[in-house]
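**Student:**
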Amino acid sequence: MTYLRTNKHIPERSCCVCRVRTDKRKLIRLVRSPEGIAVIDIAGKLPGRGTYICPDDECITRAEKSGALKRALGASVQPELWPSLREYAGGLTVDAGMKIRSILGLSRKSGALLVGAENIERCRHAVIVLFASDCSERVKDFAMTHDHVALGMNVEELSRTVGSRGGVQVVGLPVTTGFAKKLKRLEITERGSAFEH
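As structure tokens, this is what we get:
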């Protein structure tokens, strides 16, 4: 008799820049080599202290400017790592969902993200509203009164993405922020997500 395993555990890791938590296979692993420099772990099996980063140019640029890799690895980061990292990331497929998670994580970290309907209501600017797939009808009705995005993630996933312990059904980005502009430019085609007016 053969038994199928239905709930296989998928290991997750956090990006050292935007702090978004996702399947570690969707992130790039970097390690501190025995020489004390940061290197890309292409096979994902190098020994040593490691960290992960989104294969997204925005996270890579922020890591370069902020010194996040140096802090996470306690290693020297050679200037030639950055073009290599961008080239390697360019070969990876980054789905729209991963880009949205990165944008939400970075905007939360910078203080630009509005979490919950009350905070969105208080904002003096127009807001792009993003809501979880399993949010309440009341929240969905609220979102429909704004430019909105139906996310391909449930409440639990949205809560994890924005660094909350749970219960986050809706978030917003003021249209005046660079994050909202990046989100608007992003062509959302996966899982039926799309901007609606």
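Residue numbering for the sequence shown follows the working numbering, starting at 2 and increasing by one per position.
Just so you know, even glycine gets a beta-carbon here, dropped at the ideal spot from N, CA and C.
(1) My assumption, with CB atoms under 8 Å, is that residue 20 sits in contact with residue 164. Please give the rounded CB distance.
(2) For a test of the three-state rule: what should DSSP assign to residue 36, helix, strand or coil?
(3) Measuring straight from C-alpha to C-alpha, what distance separates residue 99 and residue 53?
(4) Do residue 49 and residue 30 count as a contact pair if the criterion is CB distance below 8 Å?
(5) Can you find at least 3 beta carbon pairs, one from the region 80-96 and one from the region 138-148, that sit closer than 8 Å?
(6) Can you tell which of 162, 38, 185 has its C-alpha closest to the C-alpha of residue 79?
(7) How far does the alpha helix (DSSP H) with residue 158 in it reach, from first residue to last?
(8) Any chance you could list the alpha helix (DSSP H) runs of at least 4 consecutive residues sitting entirely within the region 13-100, in chain order?
(9) Start and end of the alpha helix (DSSP H) containing residue 121?
(10) Going by alpha carbons, who is nearest to residue 146 out of 122, 157, 75?
(11) Is the beta carbon of residue 105 less than 8 Å from the beta carbon of residue 176?
**Tutor:** A quick look at the data gives this:
(1) Contact holds; Cβ gap of about 6 Å.
(2) Residue 36: coil per DSSP, three-state reduction.
(3) If I take the Cα positions, the gap works out to 14 Å.
(4) Contact flag unset, no.
(5) Contact between the region 80-96 and the region 138-148 is absent: fewer than 3 CB-CB pairs across the two stretches fall below 8 Å.
(6) Answer by Cα proximity: 38.
(7) For residue 158, the enclosing alpha helix (DSSP H) starts and ends at 156-162.
(8) Segments of the alpha helix (DSSP H) lying fully in the region 13-100: 58-67, 69-74, 82-91.
(9) That run of the alpha helix (DSSP H) goes 118-123.
(10) Of all alpha-carbon atoms in 122, 157, 75, the one lying nearest the alpha-carbon of residue 146 is that of 122.
(11) At a Cβ-Cβ threshold of 8 Å, residue 105 and residue 176 do not count as neighbours.
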